[in-house]
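Report on one structure; see the data block that follows.
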Amino acid sequence: MQRRMQPKVFDSWLAVDRKGLYCRPGGFHIDPHGPAEKAIVTHAHADHARPGLGAALATEETLAIMKARLGEGAPRSPQILAYGEVLKIGDVNVWLAPAGHVLGSAQVVIEWEGVRAVVSGDYKRQADPTCAPFELVPCDLFVTEATFALPVFRHGDPADEIGKLLRSVEQFPERTHAVGAYGLGKTQRVIKLLREAGYDRPIWLHGALQETCATYERFGIDLGDLRPATGEKRETMRGEIVLAPPSAITDRWSRRLPDPVTAFASGWMRVRARARQRGVELPIVLSDHADWDELVQTIDETGADEIWVTHGQEDALLHHIHMRGKRGRALRLIGFEEEDQ
C-alpha cells in the first residue's frame, strides 16, 4: 500500500458536498445528512442513518435497526455487507470493519488506486458485550470523530460506574432508580453490564426502548428479564431499576415512580455542571464514544499521515495531530449531534 501522499490528493476523490462526505469514484455518500440515492451507513443512530435513502449499504444489524426505527423512511434498496466482505463499487473497493460503537456499527474502508481511507463513523475501544469490538485498520487517511476530544474526558471502568448504580439501589431500597439512557446502544449496554455484575431482577423499560432491545435480542444479545414500565402499578416500581430516554427521567412520565433517584448514563456526566443542569442525582460516566486517550491512540496506530476530524471538539485534537507531524483538517460536517453520547 502506497504511503505518504502529498497534501490534498484525497480531496480529489473524497470530498464534502451539501449532503456530507462523498466518494466520487464510488458514486456514494457516507452517512448523508439528507436523502441520497447511494449511501453507506456506518450505524443506525438517527444523526447518521437518515430517512429517504435509495440504495443503502450497511451491516445486517444496522439495516434491521433502521427498518425498525424508520419504518417507511427506511432505505428503499438495502444491501447487507458483512464485516470484512469486499465489494467493488464503481472504481473503488469497499469493506466494513467493526467500530465498537453499537450493534452493527462499522468503519467504512475505501481503497482506490493503491491508497486506503478509513471513515470511522462513531467508535470506541472499551470492551462492550453488546457489539463487535473495534478493529484497527492501517490506512493513509483516517476520518475520526471528536465527540470527547478533550484531555478531561477519560471515561474510566464501566464496571465501576455500574457498581455506583447497584450500591445506590442497595442503599435506597425504597426508591426507584430511573436511569436515562439513549435507546440504541446505551440502554442495552447498561442492561448487559448490570447482568454481568450479577443483577438478575427484572429491569423495567420505558415504551420507547422496548423495540430496539427486542432487535438486539433477535441478534443473540441476551438481556434477561425485561418488562414494560408503562402502565405498571406505582408500588411495583419501588426499589426497581427503570430505564428511559434521557428526556423522560425529569418529565411528567417519571413522576409516577416512587421517589425516583434520577440517574443518567453518558460520557457527558464527567462534567458536573451538565449533571446539575439536568437535575441528575446519580451521574453514571458511561460512553459509547472514544475518550481522549482512545482517540489519540487510534490516530497514532492507524499510521495515517492525514487525519480528517468530524463533529466534536476539533481544536484540541487538531493541535495534537499537528504536533505529531501529521496533516489534520476539520471537515465541519453538519447534522451530527450529541444524542448518542
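Mapped onto the numbering used here, the consecutive letters of the sequence shown carry residue numbers 325 to 665. We put the beta carbon where it would ideally sit given N, CA and C, even for glycine. A quick note: this is a predicted structure, and the numbers were derived from the prediction, not measured.
query, result
"Among Ser336, Asp583, Glu556, Phe466, the one whose alpha carbon lies nearest that of glycine 563", "Asp583"
"For alanine 398, the three-state DSSP class (helix, strand or coil)", "coil"
"Close Cβ partners of arginine 580 (< 7 Å) along its chain, the five nearest in sequence each way excluded", "Arg558"
"Extent of the continuous alpha helix (DSSP H) run through isoleucine 486", "482 to 495"
"Start-end ranges of the alpha helix (DSSP H) lying completely within the segment 517 to 579, minimum 4 residues", "531 to 542"
"Terminal residues of the beta strand (DSSP E) in which tryptophan 436 lies", "430 to 436"
"Extent of the continuous beta strand (DSSP E) to which aspartate 341 belongs", "338 to 341"
"Alanine 388 vs alanine 363 beta-carbon contact at 8 Å", "no"
"Cα-Cα separation, phenylalanine 496 to leucine 518", "17 Å"
"Residue burial classification, arginine 602 (beta-carbon count within 10 angstroms, cutoff 16)", "buried"
"Glycine 652, DSSP secondary structure in three states", "strand"
"C-alpha distance - leucine 345 paired with valine 439, whole-angstrom precision", "18 Å"
"Between the CA atoms of alanine 628 and alanine 572 - distance to the nearest angstrom", "42 Å"
"Residue of Gly544, Leu474, Ala568 minimising C-alpha distance to proline 552", "Ala568"
"Contact under 8 Å by Cβ, glutamine 621 with leucine 474", "no"
"One or two residues paired with histidine 298 in a DSSP bridge", "Given a span of 325 to 665 for the chain in the structure shown, any question on residue 298 remains unanswerable."
"Counted within 10 angstroms of its Cβ, other Cβ atoms place alanine 398 as buried (16 or more) or exposed", "buried"
"Straight-line gap, threonine 554 to histidine 530 (C-alpha atoms, nearest Å)", "6 Å"
"Residues that DSSP places opposite alanine 373 in a beta bridge", "In the DSSP output, where bridge partners are listed per residue, alanine 373 has none listed."
"Residue from Leu489, Gly350, Ala430 with nearest C-alpha to tryptophan 436", "Gly350"
"Proximity of lysine 510 and aspartate 612 at Cβ, strictly below 8 Å", "yes"
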